[in-house]
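>
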Amino acid sequence: MSLLTVFARREPTVDSVAHALGCADKKDTVFYRDAQCTEFVARMPWHQSGRPRKNSKTVMLNCFRWNLQWAH
(Lines of atoms letter the chains of each structure in order from A and count residues from 1; the text may use other names and numbers.)
(Lines give C-alpha, C1' and ligand atoms only; values in the text may rest on other atoms or scores of the structure.)
Protein backbone atom coordinates (compact mmCIF):
# COMPACT_ATOMS: atom_id res chain seq x y z
CA MET A 1 0.00 0.00 0.00
CA SER A 2 1.45 3.37 -1.00
CA LEU A 3 1.23 6.53 1.04
CA LEU A 4 -0.89 9.49 -0.03
CA THR A 5 1.09 12.61 -0.90
CA VAL A 6 1.02 15.92 0.92
CA PHE A 7 2.85 19.04 -0.29
CA ALA A 8 4.72 21.35 2.08
CA ARG A 9 6.29 24.78 1.97
CA ARG A 10 7.65 27.29 4.48
CA GLU A 11 5.54 30.39 5.03
CA PRO A 12 5.86 33.37 7.39
CA THR A 13 4.48 32.62 10.84
CA VAL A 14 0.99 33.72 11.85
CA ASP A 15 1.83 33.51 15.57
CA SER A 16 0.76 36.81 17.16
CA VAL A 17 3.17 36.39 20.09
CA ALA A 18 6.12 35.93 17.73
CA HIS A 19 5.10 39.09 15.88
CA ALA A 20 4.77 41.02 19.16
CA LEU A 21 8.25 39.91 20.28
CA GLY A 22 9.84 40.83 16.95
CA CYS A 23 10.28 37.29 15.65
CA ALA A 24 8.27 37.87 12.48
CA ASP A 25 11.06 36.37 10.35
CA LYS A 26 10.25 32.85 11.65
CA LYS A 27 8.75 30.37 9.16
CA ASP A 28 5.98 27.83 9.79
CA THR A 29 5.74 24.63 7.76
CA VAL A 30 2.38 24.52 5.96
CA PHE A 31 0.96 21.39 4.32
CA TYR A 32 -1.40 21.22 1.33
CA ARG A 33 -3.17 18.44 -0.58
CA ASP A 34 -2.30 19.73 -4.06
CA ALA A 35 0.91 20.86 -5.76
CA GLN A 36 -0.50 24.37 -6.37
CA CYS A 37 -0.80 24.79 -2.56
CA THR A 38 -4.47 25.80 -2.56
CA GLU A 39 -6.06 23.05 -0.43
CA PHE A 40 -4.84 23.54 3.17
CA VAL A 41 -4.22 20.46 5.36
CA ALA A 42 -2.18 21.53 8.41
CA ARG A 43 0.31 24.02 9.82
CA MET A 44 3.30 23.26 12.04
CA PRO A 45 4.52 26.38 13.87
CA TRP A 46 8.20 27.29 13.86
CA HIS A 47 8.66 26.37 17.54
CA GLN A 48 7.19 22.84 17.30
CA SER A 49 9.69 20.00 17.46
CA GLY A 50 9.53 17.21 14.91
CA ARG A 51 8.96 19.41 11.88
CA PRO A 52 10.20 17.89 8.61
CA ARG A 53 13.45 19.06 7.06
CA LYS A 54 14.12 19.57 3.37
CA ASN A 55 15.48 16.02 3.05
CA SER A 56 12.46 14.39 4.77
CA LYS A 57 10.50 11.91 2.65
CA THR A 58 7.52 11.35 4.98
CA VAL A 59 5.65 13.28 7.65
CA MET A 60 3.20 12.32 10.41
CA LEU A 61 0.00 14.44 10.38
CA ASN A 62 -3.18 13.67 12.33
CA CYS A 63 -1.92 10.18 13.29
CA PHE A 64 -1.28 9.20 9.64
CA ARG A 65 2.00 8.97 7.75
CA TRP A 66 2.08 10.88 4.44
CA ASN A 67 4.51 10.95 1.54
CA LEU A 68 6.11 14.42 1.58
CA GLN A 69 6.82 16.59 -1.47
CA TRP A 70 8.25 20.08 -1.04
CA ALA A 71 6.52 22.76 -3.13
CA HIS A 72 8.70 25.51 -4.57
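Going by my numbering, the sequence shown opens with residue 553, and the numbers climb by one from there. Glycine included, each C-beta is placed from N, C-alpha and C at the ideal position.
Provide the residue span of the alpha helix (DSSP H) that contains Val566, from first to last.
From DSSP, Val566 is part of no alpha helix (DSSP H); its letter is neither H nor E.
> If you draw a straight line from the alpha carbon of Ser554 to that of Asn619, how long is it in whole angstroms?
Each residue's alpha carbon lies about 9 Å from the other.
> By Cβ distance below 6 Å, which residues in the same chain neighbour Ser608 in space, the five residues on each side in sequence not counted?
Leu620, listed in sequence order.
> Classify Ala576: buried if its beta carbon has 16 or more other beta carbons within 10 angstroms, exposed otherwise.
The residue in question, Ala576, is exposed, as its Cβ has fewer than 16 Cβ neighbours within 10 Å.
> Between the C-alpha atoms of Tyr584 and Phe559, what's the straight-line distance to the nearest angstrom?
Whole-angstrom Cα-Cα distance: 5 Å.
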